[in-house]
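Structure first, then comments.
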């Protein structure tokens, strides 16, 4: 009957309206968080470039540096994957893209991987599939501090030094623009630094203190820490961008649905009125 | 007037300082060392210690002081200091410093037989050094 469907439509309009309100406010919240995260991300990016450059200079300084961190020094058997996902959902394909890439990489290896999960989504996925999670960081990534990344990176470096792992791969989402993010996988250890002939032009004497080796040994863990830290920060930025997009789409869809529902509602209401008028007219005619 | 050199102090999450300075004094592993414009290129590790900056145009004994939690200094045509954590003397929260210091001392008191070389002991000593540096810096630094 017409009256029943009017009520049905009304109920649906109500529920879609409230959903639209939620997604819209989540969108606004994400937009705010995105702005904040982006500011930190830009600073971190600068900083990580600086560390990378300094290491490159060391390599090109021509002095003896410990070889164990250089690529091609030992056979790569066990790989450690640092997988950076988010702790919360509702951000479109953000997590599934990362997990897909990670799974692909892991499937290509012979040896079982060592997994370090940042964000609960990645942890849950690999735990369910029976992988051994070496360590994880589960608090919201945007509030990660540099000290906390240190807790993640120190055991990794130790394992690398003890030759339990031969390669460290970082899988995270790289920020291109607010509209576009890309899954990246980056080998952070061993280094693949090639001697750059252009670099040799700065053939100035540089004082290293206490020694080149000491500076290098300080920089390597710093490099790994900075890489992980900046990946987490970058990924947090991407998460907010992805969520903002997802919520914007959801809001748009909800509005479209509301338009269609309103149209249906008005039609149903009109036809109900028409029915009533017909009944009244028919009734009065029958009396005459 | 002395020549000035560009100094940047960076931490993992922010650019702490950027500006033209006449003199910068840091604590390297071998002791305090000052750098001015035209210094030979160097790359040195820093200990937990104080950072003294004489900005361009500042008077002879006018310094800005900060506490540094170790790191390294890269001296080229400009100077870059990289550190995990750094604080201006005026921003140091004395209450927090004292409570941290008390915590470490408490731990040391409870574990008198910990091996000198162990990571825990090293860590405790590092914490203590940081706390001491920060309380020194908060009071204007050792050069005052």
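Residue numbers (this note's numbering), protein chains in the order written: chain A, 1 to 288; chain B, 289 to 432. In this text, a Cβ means the ideal position worked out from N, Cα and C, and glycines have one as well. Small disclaimer: the values here were computed from a predicted structure and weren't measured.
Minimum Cβ-Cβ distance from residue i to chain A less than 7 Å
i	result
residue 412 of chain B	no
residue 328 of chain B	yes
residue 317 of chain B	yes
residue 367 of chain B	no
residue 418 of chain B	no
residue 333 of chain B	yes
Beta-bridge partners of residue i, as assigned by DSSP
i	result
residue 316 of chain B	B/319 and B/334
residue 339 of chain B	B/354
residue 184 of chain A	A/172
residue 370 of chain B	B/298 and B/360
residue 376 of chain B	B/354
residue 261 of chain A	For residue 261 of chain A, which the question treats as bridged, DSSP gives no partner whatsoever.
residue 307 of chain B	B/295
residue 115 of chain A	A/81 and A/133
residue 167 of chain A	A/79
Nearest neighbour of residue i, chosen from the options [CA to CA]
i	options	result
residue 394 of chain B	B/409, B/422, B/328 and B/302	B/409
residue 138 of chain A	A/17, A/87, A/176 and A/259	A/87
residue 80 of chain A	A/160, A/222 and A/57	A/160
residue 349 of chain B	B/298, B/312 and B/416	B/312
residue 301 of chain B	A/143, A/27, A/52 and A/82	A/143
residue 26 of chain A	A/50, A/208, A/41 and A/248	A/248
residue 12 of chain A	A/263, A/288, A/275 and A/282	A/263
residue 328 of chain B	B/425, B/367, B/341 and B/414	B/367
residue 370 of chain B	A/104, A/69, A/50 and A/102	A/50
residue 46 of chain A	B/375, B/355, B/384 and B/299	B/299
residue 207 of chain A	B/422, B/361, B/374 and B/384	B/361
Test: residue i CB closer than 7 Å to a CB of chain B
i	result
residue 209 of chain A	yes
residue 24 of chain A	no
residue 215 of chain A	yes
residue 84 of chain A	no
residue 224 of chain A	no
residue 175 of chain A	no
residue 201 of chain A	The pLDDT assigned to residue 201 of chain A is 48, lower than 50, so where the model puts this residue is not dependable; a value taken from the coordinates is nonetheless given after this. Chain B contact via Cβ: absent.
residue 289 of chain A	Not covered by the structure: residue 289 of chain A. The range shown for chain A is 1 to 288.
residue 206 of chain A	yes
residue 146 of chain A	yes
residue 43 of chain A	yes
residue 47 of chain A	yes
residue 192 of chain A	no
Query raised in the report: Which of the residues in the region 351 to 364 of chain B, read from start to end, lie with their CB under 7 Å from any CB of chain A?
Result: 360 and 362
**Report entry** chain A contacts from the region 296 to 325 of chain B (Cβ-Cβ distance under 7 Å)
**Finding:** The region 296 to 325 of chain B vs chain A, Cβ under 7 Å: 298, 300, 301, 302, 303, 316, 317 and 318.
Query raised in the report: Name the residues in the region 218 to 252 of chain A whose C-beta lies less than 7 Å from a C-beta of chain B; which are they?
Result: Residues are counted here when their Cβ sits less than 7 Å from a Cβ of chain B; for the region 218 to 252 of chain A these are 218, 226 and 229, given in chain order.
Report task. Jot down the residue ranges of each uninterrupted alpha helix (DSSP H) in the region 23 to 111 of chain A, minimum 4 residues, whole runs only, in chain order. Result -> 94 to 107
Query - Interfacial residues, the region 372 to 398 of chain B to chain A, with Cβ spacing under 9 Å - result: 372 and 373
Query - Within 8 Å of chain B by C-beta, residues of the region 152 to 182 of chain A in sequence order - result: none
Query - Every unbroken alpha helix (DSSP H) within the region 122 to 158 of chain A, with a cutoff of 4 residues, ordered by chain - result: none
Query - Within 7 Å of chain B by C-beta, residues of the region 90 to 107 of chain A in sequence order - result: none
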